[in-house]
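First residue of the sequence shown: 78, per the working numbering; consecutive thereafter. Beta carbons are placed, not taken as given, at the ideal position from N, Cα and C, and that holds for glycine. Report on the structure given below.
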Amino acid sequence: FWIPANLAFGKEGEAPAGAPAGDLIFDFELIDFRAVPKPPPPPKDPNAPKDVAAAPESATKTQSGIAYTVIKAGEGDASPTDGDLLKVNFKGWDTNGASIGSSETMGGPMALSLDQSPIKGWAEILKTMKKGESRRVWIPENLTFESKGRGAPEGALTFDLELVEFKPKPVAPKAPADVAAPPADASKTASGLAYKVLKAGTGKRKPTATDTVKVHYAGWTTDGKLFDNSIERDEQAQFPLNQVIKGWTEGVQLMVEGEKRRFWIPVELAYNNQPGKPAGMLVFDIELFTIVTPAAPKKIEAVTPPIEVKPAKPKEDKGQE
Numbered sequence: 078f079w080i081p082a083n084l085a086f087g088k089e090g091e092a093p094a095g096a097p098a099g100d101l102i103f104d105f106e107l108i109d110f111r112a113v114p115k116p117p118p119p120p121k122d123p124n125a126p127k128d129v130a131a132a133p134e135s136a137t138k139t140q141s142g143i144a145y146t147v148i149k150a151g152e153g154d155a156s157p158t159d160g161d162l163l164k165v166n167f168k169g170w171d172t173n174g175a176s177i178g179s180s181e182t183m184g185g186p187m188a189l190s191l192d193q194s195p196i197k198g199w200a201e202i203l204k205t206m207k208k209g210e211s212r213r214v215w216i217p218e219n220l221t222f223e224s225k226g227r228g229a230p231e232g233a234l235t236f237d238l239e240l241v242e243f244k245p246k247p248v249a250p251k252a253p254a255d256v257a258a259p260p261a262d263a264s265k266t267a268s269g270l271a272y273k274v275l276k277a278g279t280g281k282r283k284p285t286a287t288d289t290v291k292v293h294y295a296g297w298t299t300d301g302k303l304f305d306n307s308i309e310r311d312e313q314a315q316f317p318l319n320q321v322i323k324g325w326t327e328g329v330q331l332m333v334e335g336e337k338r339r340f341w342i343p344v345e346l347a348y349n350n351q352p353g354k355p356a357g358m359l360v361f362d363i364e365l366f367t368i369v370t371p372a373a374p375k376k377i378e379a380v381t382p383p384i385e386v387k388p389a390k391p392k393e394d395k396g397q398e
């Protein structure tokens, strides 16, 4: 086999330390192989619906082959459209009644974008639901998981879906007019980090380098290209300040909760031109919402022994007889 660098460890300067770079050549001889035994079927969920194996005759059927019944009516007339952000509660089973997962075991409603649903049939059905509505849905195999990795459930699947809420996907933030370089009125630290306060904060406490923070952020290269942001995900990002780029560690420690700043981070405080990372000076808008201070370790009280310890009696010196 002649394997090009992009299918091996990468080109010179991209390959991990100790790994060969560039195109590689391998000689292989297949000695033997064994089929991986199929795992036993998962146990049946005692709480699975009685009609989990097939939709009842009374179910509504779509042209694609999906069937559903309404468990609880929703409110209003609006339904989600492509690009909307949804929160969905779900429980899923295969046709044998084995559980394939639920939002409850994930800690709460699942957040997803309607145009990036992991299950094709979900997108079709959720577009026709109202806020607060619950349905039982029978989805044929060709409309289940987009990507079937190892261990993915096979065959048709049944879901109880509840559309908790939905809203339009936030618009990607536009590059600021001063993205190319810090303006004359920007403040600058000794390290070369420049910044401007965009919104005053409401708190008084500032994070330390070991604190974890919850923020919204957007990052651009100096040509105005947006390379990452939390706005479109509509979810605050959480980072330990000692595990981010140096410019973040320094800059966010200057902020208080509720404050928003724009930072111009010089290359040596950013990714320092690491391969595969945004190059050069970077510009970030960061809004600090919460400082999450690690809990202090519990104090361990000294334990007094429950028994009385008496000093040993000295041995009698009988002397020489």
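Check the Cα spacing between residue 294 and each of 94, 221, 328 and 281: the tightest is with 328. Secondary structure of residue 313 (DSSP, three-state): coil. Remark: three or more beta-carbon pairs, one from each stretch, lie closer than 8 Å, so the segment 293 to 313 and the segment 244 to 259 are flagged as touching. When the alpha-carbon of residue 189 is set against those of 173, 241 and 79, the nearest one is in 241. Taking 8 Å as the cut-off, the Cβ atoms of residue 334 and residue 368 count as close. Taking 8 Å as the cut-off, the beta carbon of residue 340 is found closer than this to the beta carbon of residue 272. Sequence-distant Cβ neighbours of residue 205 in its own chain, meaning closer than 8 Å and more than five residues away, are 156.
In terms of Cα proximity to residue 200, the closest of 143, 178 and 365 is 143. In chain order, 191 and 204 place their CB closer than 8 Å to the CB of residue 158, counting only its own chain and leaving out the 5 sequence neighbours on each side.
One thing to note: residue 195 has its Cβ no nearer than 8 Å to the Cβ of residue 164. Per DSSP, reduced to three states, the secondary structure at residue 163 is strand. Per DSSP, reduced to three states, the secondary structure at residue 283 is coil, with no helix or strand assignment.
At a Cβ-Cβ threshold of 8 Å, residue 96 and residue 105 do not count as neighbours. Short of 6 Å from the beta carbon of residue 280, and not among the five residues preceding or following it, lie these beta carbons of its own chain, in chain order: 333, 334 and 335.
Here the alpha carbons of residue 264 and residue 283 stand approximately 18 Å from one another. Residue 197 carries a helical assignment under DSSP once its states are collapsed to helix, strand and coil. Between residue 342 and residue 363, the C-beta gap is not smaller than 8 Å, which leaves the two residues out of contact.
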